[in-house]
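Written out below as structure tokens is the structure these notes cover.
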Amino acid sequence: MKGLYHNQTLKTNQLENEKDHLKAANNNLTRERDELQKLVNETTCCPNRWTQFGNSCYFISSVKENWSVSNTLCQSYDAQLVIISSKEEQEFITSFKRRTWIGLTDGEREGVWKWVDGTAPNETYWRSSQPDNMLNEDCVESSTVYNMGNWNDFRCNANVYFTCEKVLT
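The numbering used here runs 36 ahead of the 1-based position in the sequence shown.
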């Protein structure tokens, strides 16, 4: 009986030591993970002249271009004309106080609005009496007239500033 008790005590001590070793290893791994996450957060930042909001970087152009050229320029920056997917993002874009192209068009089929990624908008922020398709307007600008309802369909060949969006990964 005494030998059985002694063996059980040894096994218990051995398990306690193993548990302590595993706890220490877990703490080291947790610390390493946190340090790596900090490095990732520090290196996941926007390029120069871009502004971060949420999980995206935004570039407001300083030159005016038509919608098609604006879209191509955004793509050359590994970005796209901005896709506004929330009220907060709409407010953010409006805060720049600059009339800019956004990535919405009904160029494929009149009245069927699509973002540059092919998706339909979940929410829209049209200015009163817009879209009106006056003069065959197929592209959308976010104007500075109103905070929330400021989208205006506009001639795609007009030269307007533009907003590019690059999603952080």
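Don't be surprised by glycine CBs; every beta carbon is placed ideally from N, CA and C.
Looking only at G139, W103, G147, Y41, the smallest Cα-Cα distance to D153 is reached by G139.
In the DSSP secondary-structure assignment, Y197 is bridged to T136. It is roughly 58 angstroms from the alpha-carbon of N186 to the alpha-carbon of L58.
Boundaries for T130: no beta strand (DSSP E) harbours it, while the alpha helix (DSSP H) harbouring it runs 123–130, taken from the DSSP string.
In this chain, the alpha helix (DSSP H) harbouring N107 covers 103–112. In this structure, the CA atom of E173 is about 6 angstroms from the CA atom of D189. Taken in chain order, the complete beta strand (DSSP E) segments of 3 or more residues contained in the region 153–198 are 175–178, 187–190.
The alpha carbon of V196 has as its nearest neighbour, out of E159, N102, P167, N62, the alpha carbon of N102. Looking from the CA of Y94, the closest CA among G147, P83, T141 belongs to P83.
For T160, the closest alpha carbon among the candidates T141, T199, V99 is that of T141. Here M184 has K123, Q126, E127, T130, Y161 as same chain residues with Cβ atoms under 8 angstroms from its own Cβ, once five neighbours each way along the sequence are excluded. An exposed status is given to C81, since fewer than 16 other beta-carbon atoms sit within 10 Å of its beta-carbon. Boundaries of the beta strand (DSSP E) around S92: 92–96.
DSSP lists L140 as the bridge partner or partners of W151. Secondary structure note for T87: its beta strand (DSSP E) is the uninterrupted segment 87–89. Note that the C-beta distance between V118 and E201 is below 8 angstroms. Judged by their CB atoms, T136 and F198 are nearer to each other than the 8 angstroms cut-off.
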